Amino acid sequence: MLNAKHLFFVILAAGVLGGCATARYPILPAWGAEGQALSCSELNAEMEKARQTQAQIERIAAGTDTGPQPALYSMARPDADRAVERRIAEIKALRESKSCPA
2 MLNAKHLFFV ILAAGVLGGC ATARYPILPA WGAEGQALSC SELNAEMEKA RQTQAQIERI
62 AAGTDTGPQP ALYSMARPDA DRAVERRIAE IKALRESKSC PA
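For the sequence shown, my numbering assigns the number 103 to the last residue and increments by one with no breaks.
Okay, here's the thing in structure tokens:
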């Protein structure tokens, strides 16, 4: 029979192993006024980063991403998808308002 000490270690091990197997999706935080201050070239660089984040989300979902985990993340893929789509829409709107070339 398991005593309290053994039961604690069994629960701890299950928690650690379960946490390692959980996918973490990168979350792009919303911009405030800092988005307005970006130049066209900086917006283009931000668009590239957003596209790379989209690709990383796909790789995580497929189980092929083994890179470092981002500082801001979610356990739910829909949250990550919405955040990256919101960032791309922000960048497109800013590029349009600044008459940036595509």
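Beta carbons are placed, not taken as given, at the ideal position from N, Cα and C, and that holds for glycine. Values in this document were obtained by computation on a predicted structure and should not be read as measured data.
{"Check": "Please give the ranges of any alpha helix (DSSP H) in the stretch 34-76, keeping only runs that are unbroken, at least 4 residues long and fully inside the region.", "Outcome": "41-63"}
{"Check": "Straight-line CA distance for G33 to R88?", "Outcome": "11 Å"}
{"Check": "Work out the CA separation of A81 and E47 for me, nearest whole Å.", "Outcome": "16 Å"}
{"Check": "Within 10 angstroms of the Cβ of L172, are there 16 or more other Cβ atoms? Answer buried if so, exposed if not.", "Outcome": "With the chain represented from 2 up to 103, any question about residue 172 goes unanswered, as that position is not in the structure."}
{"Check": "What is the DSSP secondary structure of P27, counted as helix, strand or coil?", "Outcome": "strand"}
{"Check": "Relative to the C-alpha of A62, which residue among A84, P79, A51 and L73 is closest?", "Outcome": "P79"}
{"Check": "Buried or exposed for A51, please, with buried defined as at least 16 other CB atoms from any protein chain shown within 10 angstroms of its CB.", "Outcome": "buried"}
{"Check": "Since L29 and C101 should fall inside the 8 Å C-beta cutoff, what is the C-beta to C-beta distance between them, to a whole number of angstroms?", "Outcome": "Rounded, the Cβ-Cβ distance is 19 Å, inconsistent with contact."}
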